[in-house]
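Visitor: Mind the numbering: the sequence shown is residues 58 to 245 in this note's numbering, read in order.
Beta carbons are placed, not taken as given, at the ideal position from N, Cα and C, and that holds for glycine.
If you're wondering where the values come from, they're calculated on a predicted model, not measured in any experiment.
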Amino acid sequence: MKKSFLIIFVCSVTLSCKNDSSKGEQEGSVETVTNPQVKKPTGAIAEKLYVNYYTNPSSQAEKDQNALIDYAVENDLNVERTKSGLYYIIEQKGTGPNLIMGQPTKAHYTGHFLDGRVFDSSRNKGVPMFFNVGQMIPGWNEALQFINVGTKIKLLIPSRLAYADRGFPGYVPPNTPLIFDIEILPIM
């Protein structure tokens, strides 16, 4: 009798712990956040972005994506996502010519971490940065190809499109997603 009771008890506990949803069981699977214990913001921006949220992030890319989505939702940023995983929002559309690869360009920028700490800023230095399109970190290079002179854009860049696992010694630790506020200035 005791043995039968033990078998029934074990089966009952096992069945009560069963997860009916097979969605999200694999590591790194993308799933909309539905855990009631996790208080995630709601609203149109959250709904749009959390579709690409990883419930069990295993790679650095997945962790970065979740961190950038959380940042966008917490800051109420209606960002767009490119195929590469770069998030951006055009804050002011420029009226100048489109930028092209190799073109000399001038910009003011502020780079900061997800916690808001600034690690570099041309604005703080009082001097814009001169560079050629295509000679920056991959996230910048990608974004610069679809904007024009006069544009103000905010980039949410996963670490693999920034300084990746090497970081930028003295400024950016390895595997750090970054935020950039950029204004493309006319070259006179």
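Do you know how far the Cα of residue 103 is from the Cα of residue 110?
Guide: One alpha carbon belongs to residue 110, the other to residue 103, and they sit about 10 Å apart.
Visitor: Going by alpha carbons, who is nearest to residue 100 out of 219, 137, 119 and 133?
Guide: 133
Visitor: Shorter than 7 Å, the distance from the beta carbon of residue 122 to the closest heavy atom of the ligand GTP, or not?
Guide: The ligand GTP is absent from the structure shown, which contains no ligand whatsoever.
Visitor: Taking 7 Å as the limit between beta carbons, can you name the residues of its chain near residue 171, skipping five residues before and five after?
Guide: 124, 128, 234 and 236
Visitor: When the Cα atoms are used, what is the spatial distance from residue 122 to residue 116?
Guide: 10 Å
Visitor: Measure the Cβ-Cβ separation of residue 190 and residue 160 and say whether it is below 8 Å.
Guide: yes
Visitor: For residue 240, which residues from the same chain have a beta carbon less than 7 Å from its beta carbon, with the 5 sequence-adjacent residues on both sides left out?
Guide: 164, 165 and 209
Visitor: Restricting to Cα atoms, I'd like to know which of 131, 126, 216 and 120 is closest to residue 138.
Guide: Checking every option, the nearest Cα to that of residue 138 belongs to 126.
Visitor: What does a CB cutoff of less than 7 Å around residue 154 pick up in its chain, not counting 5 residues either side in sequence?
Guide: 205 and 206
Visitor: If you draw a straight line from the alpha carbon of residue 108 to that of residue 143, how long is it in whole angstroms?
Guide: Residue 143 has its alpha-carbon roughly 15 Å from the corresponding atom of residue 108.
Visitor: Figure out for me which residue from 223, 136, 113 and 152 has the closest Cα to the Cα of residue 243.
Guide: 152
Visitor: Do you know offhand how far residue 202's Cα is from residue 213's?
Guide: 16 Å
Visitor: I need the DSSP call for residue 178, collapsed to helix, strand or coil.
Guide: strand
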